[in-house]
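S.K.: Line by line, the protein sequences are chains A and B.
Using our numbering, read the first sequence as starting at 1 and increasing by one per residue.
Using our numbering, read the second sequence as starting at 1001 and increasing by one per residue.
C-beta atoms are modelled at their ideal positions from N, C-alpha and C, and glycine is treated no differently.
Below is the structure I would like to discuss, written out as structure tokens.
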Amino acid sequence: MNGPRGRLAALAATLSVGALAISPRAALADVLAPESPASSSADASRTAYIVMLIVIVAVVIGLLGALLRAVRGGSAVEPEHRTRGTRGVQRRVGIGIGVAALVLFVVGVVFTEKARDVEASESGAEPIAIDVTAQQWIWRYEYPEPDVAPDGYATATPYSYYDLIIPVDTPVTLDVTSIDVLHRWWVPALARGVDAVPADSNTVTFTAEEVGTYEGRSTEFSGPAFATMRTAVHVVEPEEYTAFLEERTAEIQAARAAVQAAVDAGTAPGVALR
Amino acid sequence: MSPPLQGSARPEVVSERIPRRGPAWIELATSSEHKAVGRMYVATSLFFAAVALTELVMMRLQLIAPDNTFIRPDVFDRLLSAYGVTALILFALPLAIGLYSHVVPLQIGARGLALPRLHHLSYWLYLFGGVTIYLSFLYRPSEAGTIALTPLSGAAYGAGHGVDAWLIGLGLALLGFICFAVSMVATLRSSRAPGMVWRRVPLFSWSAAVVSYTLLVVCAVMLAAISMLIVDRHFDGVFFIPNEGGSPLLYEHLSSIFLAGAYISVVIAACGSISEILPTFSRQPQFGHAAVGGSLAALAVLAVLAWMQNMLSAPIPVGFLYFAMLMALAAAVPAGLILFNWLATLSGGSIRMRAPMLFALGAVVLTFAGLAAELANSIVPVGWQLAGTATAWADTHLALIGAGVLGGFAGLHYWFPKLSGRLMGESLARASFWAIVTGALLLILPMQIAGLQGQPADVYKFYGDSGLDLPNLIASLGTLLFALGFVLTLINAATSYGRGVEVGPDPWRASTLEWFAPSPPPLHNFDLVPDVRSDEPLNDIREAIRRRGTRWTPPPARIPGREPEPVPASAGEADPRLDQIEADMKADASSPGALETPRTGSDAASPADEGDRPVA
Chain A
1 MNGPRGRLAA
11 LAATLSVGAL
21 AISPRAALAD
31 VLAPESPASS
41 SADASRTAYI
51 VMLIVIVAVV
61 IGLLGALLRA
71 VRGGSAVEPE
81 HRTRGTRGVQ
91 RRVGIGIGVA
101 ALVLFVVGVV
111 FTEKARDVEA
121 SESGAEPIAI
131 DVTAQQWIWR
141 YEYPEPDVAP
151 DGYATATPYS
161 YYDLIIPVDT
171 PVTLDVTSID
181 VLHRWWVPAL
191 ARGVDAVPAD
201 SNTVTFTAEE
211 VGTYEGRSTE
221 FSGPAFATMR
231 TAVHVVEPEE
241 YTAFLEERTA
251 EIQAARAAVQ
261 AAVDAGTAPG
271 VALR
Chain B
1001 MSPPLQGSAR
1011 PEVVSERIPR
1021 RGPAWIELAT
1031 SSEHKAVGRM
1041 YVATSLFFAA
1051 VALTELVMMR
1061 LQLIAPDNTF
1071 IRPDVFDRLL
1081 SAYGVTALIL
1091 FALPLAIGLY
1101 SHVVPLQIGA
1111 RGLALPRLHH
1121 LSYWLYLFGG
1131 VTIYLSFLYR
1141 PSEAGTIALT
1151 PLSGAAYGAG
1161 HGVDAWLIGL
1171 GLALLGFICF
1181 AVSMVATLRS
1191 SRAPGMVWRR
1201 VPLFSWSAAV
1211 VSYTLLVVCA
1221 VMLAAISMLI
1231 VDRHFDGVFF
1241 IPNEGGSPLL
1251 YEHLSSIFLA
1261 GAYISVVIAA
1271 CGSISEILPT
1281 FSRQPQFGHA
1291 AVGGSLAALA
1301 VLAVLAWMQN
1311 MLSAPIPVGF
1321 LYFAMLMALA
1331 AAVPAGLILF
1341 NWLATLSGGS
1351 IRMRAPMLFA
1361 LGAVVLTFAG
1371 LAAELANSIV
1381 PVGWQLAGTA
1391 TAWADTHLAL
1401 IGAGVLGGFA
1411 GLHYWFPKLS
1421 GRLMGESLAR
1431 ASFWAIVTGA
1441 LLLILPMQIA
1451 GLQGQPADVY
1461 KFYGDSGLDL
1471 PNLIASLGTL
1481 LFALGFVLTL
1491 INAATSYGRG
1501 VEVGPDPWRA
1511 STLEWFAPSP
1521 PPLHNFDLVP
1531 DVRSDEPLND
1541 IREAIRRRGT
1551 RWTPPPARIP
1561 GREPEPVPAS
1571 AGEADPRLDQ
1581 IEADMKADAS
1591 SPGALETPRT
1601 GSDAASPADE
1611 GDRPVA
């Protein structure tokens, strides 16, 4: 393992790691990384992940190589490092790892700030604020009221279950909470995981950049039907979004009117019992 | 070559075994002697390992195909809720604790524990804790998930007494671990042999101190959380009730602190075992003893401080997340130093690839690969994406299978001769090792990929349209192979305990004091407690015997400044027999002046130079 073969193996390892570093998308395609992103915050998360994947692969290959060398009787460590009782060696190794860790920390902070998509919320465009409420085992989305005249009822807030419809290229802020146990809203192509905690609000801001449908799941254990707790985000053109809101509002108002009519006529179940 | 026994030894209580008072199992169960408690801990932890393994296999069989209906969702949740606590709290930690109980007093040259009854109590608390959790299977066990997060485990959603049994069982076990930690810390502080200063304490015993202090902190935290949750459930408390002033996040914080501490304790215990095994099987002194010791302590502190890396997606201000990320990254420094010193220890050594070494090297690779993967998850944007996915589950399992299973089994194979006086079967150990490693990788790598494709952890099924069929199939088959390898080691331990190859006190030619005592050691551990003059006391003893051997056949004239004569081959190469050591020591003790060993500064210590020291 010491001779040319060892060096060849080290070269091959370095080259493959280098290749991964140069063309992460091509090499890691869809298997070794989260879903291909459709928002800049998901993109930042994915890039951070790929950086860390390369670091891990390099560490594991290095560890395996060094162990193999040592076990085969070679030296995994430079000979001068093996002098006993040299504190300098420990200090140098420690400082080396510490510097690498600091670099990773800075990288982590940079990508965190990117993933938070702070610019989107600070820029002129007011993000669309959507309230997300989790319960066992569904998601309820409440949209801001559209510009239609309310018909006199207390609220005209449009809402939907399971499916979230948002406009493309518009910043969206989700205010996530829960009414029973812990859940987690996670649509990997668009945004980060967001814990839904009862009596607590957790917000996330992102801008979807491509029209399409993106699947999500809860990844926080929430009871027997936890595996069925899925959601889907439909990113549509802004006009479609407005049309959807109007349609939902009309449907909801029609349904309310029907119920009110049944109550007035005395045919609603609760009224009939009386 | 050893001197004939002259005269009578100084009077002291020396006996090979005590008279039997009752059936052996009653003697064992009621003994507060550290070796008996250690053996009970090890045996019980291996029993719970088999239980956890059964649960893992059943859960993976449910997930072998999409939309499978092998197990009902609520039954799956019961298995899930029992599995986590069984694997980590009832198996991995107690296996380490059992080895600590048996080995540490021997290793530091103590006659016993400082607080034996407390230690004994700790075992029974642990056992009854485990039994309490499993007795709830008689009615309806907890379905509240791996660590019973509130509000799912609160009175509103976790009806019935399953959660209560889970909480009380876990609480009893943790109370036991606190008793263990107090006893271990007291023993390490008060019962070390003369000359065994902290810097010479073997790394395994040092890791026992680190683990004990860690457990003292984190078990207390979890006990507080358990108490509060029980108050919430039964006495109208509102600690964790949302909308009434309580906070579910508080429970998540407390349990994360505990999990981080328990997790790193298993890793540190494995590091302790590995730090004994690598030097022994490469015939090299441990490189950077002090650096590894300091790194183990730093690792414990930093890993616990990084508890929030498990809750990155919770509603916590981002500054705290940066703190967690910084602590996790800082922990890479001690972890890397430990690895560096192990590699330096191995370098240039003459490696003997026996079963303990094989398991230790496997543990090094899997544990540190898992730690590296966990480090990636603690980078905030990565953790935001991967929290709660099968990827995170697989990364945790990689580190814990490396440390808890391979590291624990490395220690088991290494100290089994000391526990039982017999070796574990070598070829069975090899077969078991390769099955465990292959099975574990087949389980973990596909799960890491499945998580990236969107599979959450802890789900009882996955959908057929999600493209996750193949990874889950491979993972389930890998689990079966893993279980096979695991069972092979359990069988190996069970059969070798009564029928293995009998060995002498020091089968591995190690350098620490536990191998100075017979295998298995007598009740009082050592006839004579040796003086410790370096961090390799048994090598010093061997050297002293070698020198004495050369002088006694025939007695040469000592010329000051001249090198001692070369050693006869028989004395230098062969393992020194225990009776030799003892005969030497007794002769020496009876007439300390008879051997005037010239001592220079670097000269080896004589274990028998104790003319005026009382022996406890």
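1. Indicate the three-state DSSP secondary structure (helix, strand or coil) for His183 of chain A in the structure shown.
2. Is His1524 of chain B helix, strand or coil when you go by DSSP?
3. Could you check where the alpha helix (DSSP H) with Pro188 of chain A kicks off and where it finishes?
4. Name, going along the chain, the residues of the segment 31-51 of chain A whose beta-carbon falls closer than 9 Å to a beta-carbon of chain B.
5. What residue ranges within the segment 1159-1205 of chain B form continuous alpha helix (DSSP H) runs of no fewer than 4 residues, ordered along the chain?
6. Quick one: what's got a C-beta closer than 8 Å to Val1057 of chain B's C-beta in the same chain, skipping five residues either side?
7. If we ignore side chains and look at the alpha-carbon of each, how far apart do Arg25 of chain A and Glu35 of chain A end up?
8. Does the contact criterion of 3 or more C-beta pairs under 8 Å hold for the segment 1194-1213 of chain B versus the segment 1165-1173 of chain B?
9. List the DSSP bridge partners of Ile1351 of chain B.
10. Is it the case that the Cβ atoms of Ala249 of chain A and Pro158 of chain A are separated by a distance below 7 Å?
11. According to DSSP, which residues form a beta bridge with Trp139 of chain A?
12. Report back the beta-carbon spacing between Phe1359 of chain B and Phe1433 of chain B to the nearest angstrom; my notes put them in contact at under 8 Å.
13. For Asp1236 of chain B, report the span of its beta strand (DSSP E) as first-last.
14. Which residues in the same chain as Ala1092 of chain B place their Cβ atom closer than 7 Å to its Cβ, once the five residues preceding and following it in sequence are excluded?
15. Sorted by chain position, which residues of the same chain lie with C-beta nearer than 6 Å to Gln1284 of chain B's C-beta, five sequence neighbours on each side aside?
16. Using a Cβ-Cβ distance cut-off of 7 Å, determine whether Pro1446 of chain B contacts chain A.
17. What does Gly1407 of chain B reach in chain A if we use C-beta pairs closer than 9 Å?
18. State yes or no: is the beta carbon of Met1327 of chain B nearer than 7 Å to at least one beta carbon in chain A?
19. Within the continuous alpha helix (DSSP H) that includes Glu275 of chain A, where are the two ends?
20. When DSSP labels each residue in this structure, what does Ala208 of chain A get in the three-state scheme?
21. Chain B partners of Arg276 of chain A, CB-CB under 7 Å?
22. Which whole-angstrom value is the C-beta distance of Trp186 of chain A and Ser160 of chain A, which I expect to be below 8 Å?
23. DSSP puts Tyr161 of chain A in a beta bridge; with which residues?
24. Ala189 of chain A and Ala42 of chain A look like a contact to me (Cβ under 8 Å); what is the Cβ gap, rounded to whole Å?
25. Can you pull the chain A neighbours of Asp1077 of chain B, defined as C-beta to C-beta under 9 Å?
26. With H, G and I counted as helix, E and B as strand and the rest as coil, what does DSSP make of Asp1067 of chain B?
27. For Asp1469 of chain B, write down the residues that DSSP places opposite it in a beta bridge.
28. With 9 Å as the C-beta to C-beta threshold (strictly closer), list the residues of the segment 1140-1152 of chain B near chain A in chain order.
29. Starting from the Cα of Gly1293 of chain B, find the closest Cα among B:Trp1198, B:Val1218 and B:Lys1461 and give me that residue.
30. Could you tell me the boundaries of the alpha helix (DSSP H) in which Ser1101 of chain B lies?
31. Run through DSSP, which three-state label would Asp1395 of chain B get?
32. Out of B:Met1040, B:Leu1106, B:Thr1030 and B:Leu1188, point me to the one whose CA is closest to Arg1117 of chain B's CA.
33. Pro1518 of chain B to Trp1342 of chain B, Cα distance in whole Å?
34. Between the segment 1378-1391 of chain B and the segment 1238-1246 of chain B, do at least 3 Cβ pairs fall closer than 8 Å?
35. Report buried or exposed for Thr1069 of chain B, applying the criterion of at least 16 other Cβ atoms within 10 angstroms of its Cβ.
36. Are the beta-carbon atoms of Val1037 of chain B and Ser1101 of chain B separated by less than 7 Å?
M.R.: The relevant details are as follows:
1. His183 of chain A falls in the strand class under three-state DSSP.
2. Of the three classes helix, strand and coil, the one that applies to His1524 of chain B here is coil, per DSSP.
3. Careful: Pro188 of chain A lies outside any alpha helix (DSSP H) and carries neither H nor E.
4. Taking 9 Å as the upper bound on Cβ-Cβ separation, chain B lies near residues Val31, Leu32, Ala33, Pro34, Glu35, Ser41, Ala42, Ala44, Ser45, Arg46, Thr47, Ala48, Tyr49 and Val51 of the segment 31-51 of chain A.
5. Scanning the segment 1159-1205 of chain B from its first residue to its last, the whole alpha helix (DSSP H) runs of 4-plus residues come out as 1162-1190.
6. Closer than 8 Å at the Cβ level, and outside the excluded window around Val1057 of chain B, lie Thr1479, Leu1480 and Ala1483.
7. Here the model assigns Arg25 of chain A a pLDDT of 43, short of 50, so the residue's position is not dependable and the matter cannot be decided.
8. Note that the segment 1194-1213 of chain B does not touch the segment 1165-1173 of chain B; fewer than 3 beta-carbon pairs, one per stretch, sit closer than 8 Å.
9. Looking at the DSSP assignment, Ile1351 of chain B forms no beta bridge with any residue, so it has no partner.
10. In the sequence under discussion, the amino acid at residue 249 of chain A is Thr, which differs from the Ala named in the question. A contact, by the Cβ cut-off of 7 Å.
11. According to DSSP, Trp139 of chain A bridges with A:Ala134.
12. About 6 Å; that satisfies the 8 Å criterion.
13. Neither: Asp1236 of chain B is in no beta strand (DSSP E) and is coded neither H nor E.
14. Within the same chain, Ala1092 of chain B has close Cβ partners Val1266, Leu1400, Gly1404 and Gly1408.
15. The residues are Thr1345 and Gly1349.
16. Not an interface residue.
17. Per Cβ cutoff of 9 Å: no residues; Gly1407 of chain B is ~15 Å from chain A at best.
18. Proximity of Met1327 of chain B to chain A, defined by a Cβ-Cβ separation below 7 Å, is not satisfied.
19. For residue 275 of chain A there is no data in the structure shown, the boundaries of chain A being 1 and 274.
20. DSSP places Ala208 of chain A in strand when its eight states are reduced to three.
21. Examination of residue 276 of chain A is not possible in this model, given that chain A is present from 1 through 274 alone.
22. About 18 Å; that fails the 8 Å criterion.
23. A:Arg140, per the DSSP bridge assignment.
24. At roughly 6 Å, the Cβ-Cβ gap stays under 8 Å, so Ala189 of chain A and Ala42 of chain A are in contact.
25. Counting only Cβ-Cβ distances below 9 Å, Asp1077 of chain B has contacts in chain A at Phe221, Gly223, Pro224 and Phe226, in chain order.
26. Correct three-state label for Asp1067 of chain B: coil.
27. Bridge partners of Asp1469 of chain B: none, in fact.
28. Flagged, chain order: Glu1143, Ala1144, Gly1145, Thr1146, Leu1149, Thr1150, Pro1151 and Leu1152.
29. Closest in C-alpha terms to Gly1293 of chain B, from the list B:Trp1198, B:Val1218 and B:Lys1461, comes B:Trp1198.
30. Element bounds for Ser1101 of chain B: Leu1093 to Gln1107.
31. Helix, per DSSP.
32. When each option's Cα is compared against that of Arg1117 of chain B, the closest is B:Thr1030.
33. Cα to Cα, the separation comes out at about 29 Å.
34. No, the segment 1378-1391 of chain B is not in contact with the segment 1238-1246 of chain B.
35. Per the 10 Å Cβ criterion, exposed.
36. Yes, the Cβ-Cβ distance between Val1037 of chain B and Ser1101 of chain B is below 7 Å.
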